[in-house]
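S.K.: A single structure is presented below for examination.
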Amino acid sequence: MSNTQNEALEECECTVPCDTIRMVLHPRDKDLGGFSVRRSLPTHQAKMIGPWIFFDHMGPAQFEPGDGINVRPHPHIGIATVTYLFEGEILHRDSLGSVQAIRPGDINLMVAGKGIVHSERESEKRKAFPRTLNALQLWIALPTEHEEISPAFYHYPSDEIPTTEINGVSVRVMMGDAYDLHSPVMTFSKTLYAEAQLKTGQTIELPNAQELGVYVVEGSLQAKATELPTHSMAILDNPKGVVVEAKEPTRIAIIGGNALGKRYIDWNFVSSDKERIELAKTDWKMDRFPRVPGDDESIPLPE
58 MSNTQNEALE ECECTVPCDT IRMVLHPRDK DLGGFSVRRS LPTHQAKMIG
108 PWIFFDHMGP AQFEPGDGIN VRPHPHIGIA TVTYLFEGEI LHRDSLGSVQ
158 AIRPGDINLM VAGKGIVHSE RESEKRKAFP RTLNALQLWI ALPTEHEEIS
208 PAFYHYPSDE IPTTEINGVS VRVMMGDAYD LHSPVMTFSK TLYAEAQLKT
258 GQTIELPNAQ ELGVYVVEGS LQAKATELPT HSMAILDNPK GVVVEAKEPT
308 RIAIIGGNAL GKRYIDWNFV SSDKERIELA KTDWKMDRFP RVPGDDESIP
358 LPE
């Protein structure tokens with residue numbers, strides 16, 4: 058998804074509840090005309106969690122026939138994008154020639170590296186019917202030694218993502234290692250992305266990581282003395298041994314990993330080098346990025 062809501066950096070409230078939980082972010086809904094997006098990362102309070110530098114929750118949104126997701130081609134450098142759907146379908150196209158429908162439970166990993174262009178739309182067939190979209194889109198900053206690798210695209214169907222039950226709690230590990238599960242999804246540094254679905258009163262111990270974030274997709278959690286409502290994100294400093302309890306049926310997304318160091322972000326470009334971002338902006342304005350085959354539209358560089 059194109060990073061067009063830079064003002065969201067100003068619109069994330071923050072609370073500081075206890076020693077274990079460093080802060081709780083409360084992103085505000087951003088109306089994009091027909092559906093809402095809420096951005097937890099980056100904000101002024103928290104730029105990254107481990108390698109994760111961008112975290113958007115799109116929806117839940119109801120679309121009438123003819124309406125829907127229609128994101129024109131736009132560029133990225135220095136990251137890998139991760140798209141994960143709870144409901145709905147998105148049609149991914151990129152400048153490598155990839156064409157892939159993303160469905161609930163799948164993982165789409167697009168490695169931008171030195172530069173890629175992609176669009177996110179819906180098929181005409183799906184647009185003919187009423188439907189729901191509910192999805193997360195996340196960006197992983199690449200380590201400095203991988204920032205300029207060749208772009209690549211990987212698709213992992215839902216049945217390849219490892220799943221287990223822990224005391225009745227359904228757990229999936231989409232990236233990295235947790236709960237004695239190992240995901241096949243490619244990573245470039247110590248990275249964790251998992252989800253859990255809890256019934257009212259159920260508990261789960263959070264996995265350990267150098268840096269960890271817990272986002273409440275739906276429902277509400279209790280973490281020690283802190284209540285985490287729907288769409289809040291807790292950032293934990295010492296997650297080992299922390300147990301969370303569902304106050305109602307709840308789904309959570311867990312992200313984390315090892316810190317990478319400072320990154321600069323401008324529009325859809327991420328780099329450890331400010332000059333590299335300026336070069337990417339010039340390249341996009343001068344039409345020097347590769348094109349998405351069969352899609353001649355584009356999003357202009359924001360001024």
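Count along the sequence shown from 1, add 57, and you get the number used in this note's numbering. All residues carry an ideal CB built from backbone N, CA and C; glycine is no exception.
Take the Cβ of GLU268 as the centre, count every other Cβ of all protein chains shown within 10 Å, and call the residue buried at 16 or more, exposed below.
M.R.: If you number the sequence shown from 1, residue 268 lands on position 211. With 16 or more other Cβ atoms within 10 Å, it is buried.
S.K.: Pick helix, strand or coil for ILE356, following the three-state DSSP scheme.
M.R.: Mapped onto the sequence shown, residue 356 falls at position 299. It is coil, neither helix nor strand.
S.K.: By Cβ distance below 6 angstroms, which residues in the same chain neighbour THR260 in space, the five residues on each side in sequence not counted?
M.R.: Residue 260 sits at position 203 when you count from the first residue of the sequence shown. Answer for THR260: VAL300, GLU302, listed in chain order.
S.K.: For TYR250, I'd like the list of residues in its chain whose CB is within less than 6 angstroms of its CB, leaving aside the five on either flank, ordered along the chain.
M.R.: Position 193 of the sequence shown holds residue 250. MET231, MET232, ILE312.
S.K.: Three or more C-beta pairs under 8 angstroms: does that hold for the region 130 to 139 against the region 96 to 103?
M.R.: no
S.K.: Let me make sure I understand the geometry here. Which of LEU255, VAL242, GLU202, ASP237 has the alpha-carbon closest to that of ASP227?
M.R.: Counting from one through the sequence shown, the residue named residue 227 turns up at place 170. Contrary to the premise, residue 227 reads as Ser rather than Asp in this sequence. With distances taken between Cα atoms, SER227 lies closest to LEU255.
S.K.: Within its chain, find whatever has a CB closer than 7 angstroms to the CB of ARG178; leave out the 5 residues flanking it on each side and keep chain order.
M.R.: Position 121 of the sequence shown, counted from the start, is the residue given in the question as residue 178. Answer for ARG178: ILE126, ASN127, VAL128, LEU148, listed in chain order.
S.K.: Is there contact between the region 101 to 110 and the region 195 to 215, where contact requires at least three CB pairs shorter than 8 angstroms?
M.R.: yes
S.K.: Taking the continuous alpha helix (DSSP H) assigned at GLU335, which residues delimit it?
M.R.: Counting from 1 along the sequence shown, the entry for residue 335 is found at position 278. 331 to 342 is the extent of the alpha helix (DSSP H) around GLU335.
S.K.: Can you give me the start and stop residues for the alpha helix (DSSP H) that ARG183 sits inside?
M.R.: Taking the first residue of the sequence shown as position 1, residue 183 is located at position 126. Residues 181 to 184.
S.K.: Per DSSP, PRO84 forms a beta bridge with which residues?
M.R.: Within the sequence shown, the letter at position 27 stands for residue 84. In the DSSP output, where bridge partners are listed per residue, PRO84 has CYS69.
S.K.: Helix or strand or just coil, what does DSSP make of HIS288?
M.R.: Taking the first residue of the sequence shown as position 1, residue 288 is located at position 231. Look at HIS288 here: in three-state DSSP terms it is coil, with no helix or strand label.
S.K.: Who are ARG150's beta bridge partners in DSSP?
M.R.: For the purposes of this step, residue 150 is taken as the residue at position 93 of the sequence shown. Paired residue(s): VAL156, SER176.
S.K.: Tell me the rounded alpha-carbon separation between ASP237 and GLU262.
M.R.: Here residue 237 refers to the residue found at position 180 when the sequence shown is read from its first residue. Here residue 262 refers to the residue found at position 205 when the sequence shown is read from its first residue. Going by the C-alpha atoms only, they are around 13 angstroms apart.
S.K.: On the three-pair Cβ rule with 8 angstroms, is the region 177 to 193 touching the region 139 to 146?
M.R.: Between the region 177 to 193 and the region 139 to 146, the count of Cβ pairs shorter than 8 angstroms is three or higher; the stretches touch.
S.K.: Please state if the CB of PHE210 and the CB of LEU153 are separated by a distance shorter than 8 angstroms.
M.R.: Your numbering for residue 153 matches position 96 in the sequence shown. Your numbering for residue 210 matches position 153 in the sequence shown. In this structure, PHE210 lies closer than 8 angstroms to LEU153 by Cβ.
S.K.: Spatial neighbours of THR201 within its chain, please: CB distance less than 6 angstroms, with the 5 preceding and 5 following residues excluded, ordered by chain position.
M.R.: Locating residue 201 in the sequence shown gives position 144, where the first residue counts as 1. Result list for THR201: SER329, in chain order.
S.K.: Below 7 angstroms CB to CB, which residues in the same chain sit around SER246 once its five sequence neighbours on both sides are set aside?
M.R.: As a position in the sequence shown, residue 246 is number 189, starting the count at 1. Cβ neighbours of SER246 beyond the five flanking positions: PRO108, PRO200, GLY314, ASN315, LEU317.
S.K.: State buried or exposed for PRO296, treating a residue as buried only when at least 16 other CB atoms are found within 10 Å of its CB.
M.R.: As a first step, residue 296 is located in the sequence shown; it is residue number 239 there, counting from the start. With a 10 Å radius around the Cβ and a threshold of 16 neighbouring Cβ atoms, PRO296 comes out buried.
S.K.: Report yes if the CB atom of LYS122 is closer than 8 angstroms to the CB atom of PRO187, and no otherwise.
M.R.: Here the question's residue 122 lines up with position 65 in the sequence shown. Here the question's residue 187 lines up with position 130 in the sequence shown. Contrary to the premise, residue 122 reads as Pro rather than Lys in this sequence. Yes. Within cutoff.
S.K.: Considering HIS101, what are the terminal residues of the beta strand (DSSP E) in which it resides?
M.R.: Locating residue 101 in the sequence shown gives position 44, where the first residue counts as 1. Premise fails: HIS101 is in no beta strand (DSSP E) and is neither H nor E.
S.K.: Whose CA, out of GLN102, HIS175, LEU193, GLU205, lies closest to the CA of GLU354?
M.R.: One-based indexing of the sequence shown puts residue 354 at position 297. Taking only the C-alpha atoms, the option nearest GLU354 is HIS175.
S.K.: Under the three-state reduction of DSSP, which class applies to GLN62: helix, strand or coil?
M.R.: The residue labelled residue 62 in the question sits at position 5 within the sequence shown. Note that GLN62 has pLDDT 43, beneath the 50 cutoff, so the model's placement of it is unreliable and no number is given.
S.K.: Roughly how many angstroms lie between the CA atoms of LEU193 and LYS304, to the nearest whole one?
M.R.: Start at 1 with the first residue of the sequence shown, and residue 193 comes out as number 136. Start at 1 with the first residue of the sequence shown, and residue 304 comes out as number 247. Distance between the alpha carbons of LEU193 and LYS304 is about 23 angstroms.
S.K.: Does the beta-carbon of ARG348 have 16 or more other beta-carbons within 10 angstroms, so that it is buried, or is it exposed?
M.R.: Taking the sequence shown and counting its residues from 1, one reaches residue 348 at position 291. Answer is exposed; the Cβ neighbour count stays below 16.
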